[in-house]
Each structure stands twice: as C-alpha cells, then as structure tokens.
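Asks: Here it is, the structure in full.
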DNA sequence: TTGTTTTAAGATTTAATAGTCTGAAAACTG
DNA sequence: CAGTTTTCAGACTATTAAATCTTAAAACAA
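Protein chains in written order, with this note's numbering: chain A, 1 to 145; chain B, 1 to 145.
Quick look at the structure:
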C-alpha cells in the first residue's frame, strides 16, 4: 500500500530532519540532508525546490546556504506538505479510479472509502512536524547506518 | 491518494460486475466485461488471468466461454484479491518507504501508520464481493453511459 | 575580480507501470 | 474436418514516475 510517491516521502523525511535538527534557524545544505538520509541529491533538490516556492521552506544560496523551515514546526501540517507534493486533488480520488464517482454517482466502494479517506485526512491535518519531531531521528529517517 | 494500481482497480470492478450480474453460474466473456466497464480488453485479460490462476475465477475457452467466479461471492474477500494483484507485502510497507522500518526501528510515522493500515486491512478482510453487490451496478462501475 | 559553494532550472536518461498486438491453444459449430 | 470464438502467453510499445546530468545564477571569500 503505497500512498505516497517517492518524492513526497523524501520531502517529508527532509522536513522531519530539519525539524528535529534544532530550533537554531540555520540553513542546512541539501547536500547534508541527502547524504544523511541517503537520498539522491539532485532529486531531493527538485523536491525541496517546490517546497521553497510554497512557504514551507526558505532557501539561501552560496556558502553556508541551504534550506530551513519557513515557519515553526508546530504550524506545518502534514496535509499541507502532501497536497503540495502530490497535488491538490490528493484526497478526492475514487478508490476504483472512476472519474465520475461521488456522492451523486457512488461506486460500490464509495462510502466506505470516503470514510477512511476522511479519517486519514483529518490525521494529516492535525499532525504537524513538531508532533513527529524526535530525538533519535537520524536512526529512523534512513534505513542503514 | 491512489492506493490501488489500475490493474487492481480493473480486477475489482470486473469481479463486482460478475458478482452483481447474477447467481447464474454462466461464463461471461472478457469481451463483454471490457466493453461494459470500458476497460482495455487485452489489459483486462491479463489481469483476470492472474485471478484465474488463483482460485478467484474459473475460465473456459471457446464459444460461450469466458470467466466466472470460482467461489460464492460471500467467500471472496477484498483483501484476498488485492494481495494477489498488488503483491503479498501490500499491507507491510512503510509510509515513508523505509525498508527497515518496523516495531524495532520505527520511523516517526510508524505507529500512526500501523494503526491506519490495520484498520483498512481489517475492513478489506471483512468485506466480501457479496457485501458490495448492488442492483444499479453498471451505472456505478463505469464513468459514462 | 576570480574562484568556490551553494540553490535554480530544465534537459536527458532510466525504470516502472500501463496498455497494445500477435500468434497460439482450447473448445465449440456445422 | 475446416472455420469461429474464446482464453492463454508473451513480445512489444507508450506513458509516467524516478533519477541523473548539465548549465546557470546567487552569494560569499580571498
């Protein structure tokens, strides 16, 4: 059950890395993040770029440059990040992929699916980066030492 | 939020079509299903073949041949179908895509995700084709008339 | 100013998914 | 038997997602 694309997962991991790293508002280079989390540098750059364009990150070029959270971790909700990276219709899609499915013309799975989707959505909306910040982060944001 | 591949969605729709079509144990041609549900014939053939190899469908060649449910709709659970079409590890994957994530080395989302996954899984396990059988099926298994 | 470090932008390549096509093999029909 | 209808098996093509590469632009440092 893959509900996030690689890009979204990478983006979330990078944000959690930043959130956990510290309250020091210093820029962290994408090189460091990609190395620590073992994510392709160029691909991660692209993902983080789209977060920089949307008030999730701020970026700065040159030596000692990098990216930093644009706002306090308490105010960055998972839902916001996912909608940016996966598209605004992320929570709208029919389980069976039927474009016309909805309350008017529900597919056989519609109401059940609607229910699960809503519960995941509300979790994503009520969970912020701060809620997931943890001390042992590095150990848990990559798959090997 | 696309949690099923196109192939799985097509397979489920075809099964629901068969289930709703009738308790008459007649073979229904894949041509009819693909036409009624507006799914590529050849692609659907491939999907249904893998269900025929796994005791979900039985198939028969020649005139008046086709496919039919191998068992009563009450006994065919969504989870079974999805595991066949998406792979046995469908309910095992980490939200952030980390291969080593688990109770021993949980990623920041692990326990939340584990919880949601379990609830969807149990719904898939307790829902059978019979539960989803509905009279107005055709209207709701395709997106246009 | 020249060189280094960093993000930005976008072209290109690779891999995975989705979909198409062709030629069988099985079962029926006359 | 010859011809038709169907599934079966696998090669092939197309589309999208994922990853890489290249060149630029911004910021700093000597």
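Here a beta-carbon is modelled for each residue, glycine too, at the ideal position from N, C-alpha and C.
Please report how far the alpha carbon of residue 145(B) lies from the alpha carbon of residue 38(B), in whole angstroms.
Replies: Position 145 of the second chain, counting from 1, holds the residue named residue 145(B). Position 38 of the second chain, counting from 1, holds the residue named residue 38(B). Its pLDDT being 48, under 50, residue 145(B) is placed unreliably by the model, and the measurement read from it follows with that caveat. If you take the alpha carbons of residue 145(B) and residue 38(B), they lie about 10 Å apart.
Asks: With residue 9(B) and residue 134(B) assumed to form a contact (beta carbons below 8 Å), what rounded beta-carbon distance in angstroms separates them?
Replies: Counting from one through the second chain, the residue named residue 9(B) turns up at place 9. Counting from one through the second chain, the residue named residue 134(B) turns up at place 134. Not quite, the Cβ-Cβ distance comes to about 17 Å (not below 8 Å), so this is no contact.
Asks: If contacts are defined as beta-carbon pairs under 8 Å, then residue 107(A) and residue 140(B) qualify, I think. What distance do you get, rounded to the angstrom?
Replies: What you label residue 107(A) is simply residue 107 of the first chain in a count that begins at 1. What you label residue 140(B) is simply residue 140 of the second chain in a count that begins at 1. Confirmed, Cβ separation roughly 5 Å.
Asks: For residue 66(A), count neighbouring C-beta atoms within 10 Å of its own C-beta (all shown protein chains included) and say buried if the count is 16 or more, exposed if not.
Replies: The residue labelled residue 66(A) in the question sits at position 66 within the first chain. Classification for residue 66(A): buried.
Asks: Look up residue 77(B) in the DSSP assignment and say whether it is helix, strand or coil.
Replies: Taking the first residue of the second chain as 1, we reach residue 77(B) at position 77. In the structure shown, residue 77(B) sits in a strand (DSSP, three-state: E or B).
Asks: Residues of chain B with a CB under 7 Å from the CB of residue 140(A): which are they?
Replies: Position 140 of the first chain, counted from the start, is the residue given in the question as residue 140(A). Near residue 140(A) (Cβ distances below 7 Å), the residues of chain B are 105, 106, 107, 108.
Asks: Could you work out which residues of chain B lie near residue 9(A), taking near to mean beta carbons separated by less than 7 Å?
Replies: Here the question's residue 9(A) lines up with position 9 in the first chain. Under the 7 Å cutoff, chain B gives 96, 97.
Asks: Whole angstroms are fine: how far does the CA of residue 64(A) sit from the CA of residue 81(B)?
Replies: If you number the second chain from 1, residue 81(B) lands on position 81. If you number the first chain from 1, residue 64(A) lands on position 64. Each residue's alpha carbon lies about 52 Å from the other.
Asks: Using beta-carbon positions only, say whether residue 2(A) and residue 7(B) come within less than 9 Å of one another.
Replies: Taking the first chain and counting its residues from 1, one reaches residue 2(A) at position 2. Taking the second chain and counting its residues from 1, one reaches residue 7(B) at position 7. No. Outside cutoff.
Asks: Can you find the residues in the same chain that come closer than 8 Å, C-beta to C-beta, to residue 32(A), ignoring five residues on each side of it along the sequence?
Replies: Looking up residue 32(A) in the first chain gives position 32. Cβ neighbours of residue 32(A) beyond the five flanking positions: 66.
Asks: Hey, how far is the Cα of residue 76(A) from the Cα of residue 112(B)?
Replies: Counting from 1 along the first chain, the entry for residue 76(A) is found at position 76. Counting from 1 along the second chain, the entry for residue 112(B) is found at position 112. Spanning the two alpha carbons is a distance of roughly 18 Å.
Asks: Does residue 79(B) have its Cβ less than 9 Å from a Cβ in chain A?
Replies: By 1-based counting over the second chain, the position of residue 79(B) is 79. Chain A contact via Cβ: absent.
Asks: Would residue 35(B) pass as an interface residue toward chain A - the criterion being a Cβ-Cβ separation below 9 Å?
Replies: Walking along the second chain from the start, residue 35(B) turns up at place 35. No, because no Cβ of chain A sits closer than 9 Å to the Cβ of residue 35(B).
Asks: Name the chain B residues whose beta carbon is nearer than 9 Å to that of residue 74(A)?
Replies: Here the question's residue 74(A) lines up with position 74 in the first chain. Residues of chain B passing the Cβ test: none, with the nearest at roughly 15 Å.
Asks: Sorted by chain position, which residues of the same chain lie with C-beta nearer than 6 Å to residue 95(A)'s C-beta, five sequence neighbours on each side aside?
Replies: Position 95 of the first chain, counted from the start, is the residue given in the question as residue 95(A). Result list for residue 95(A): 109, 113, in chain order.
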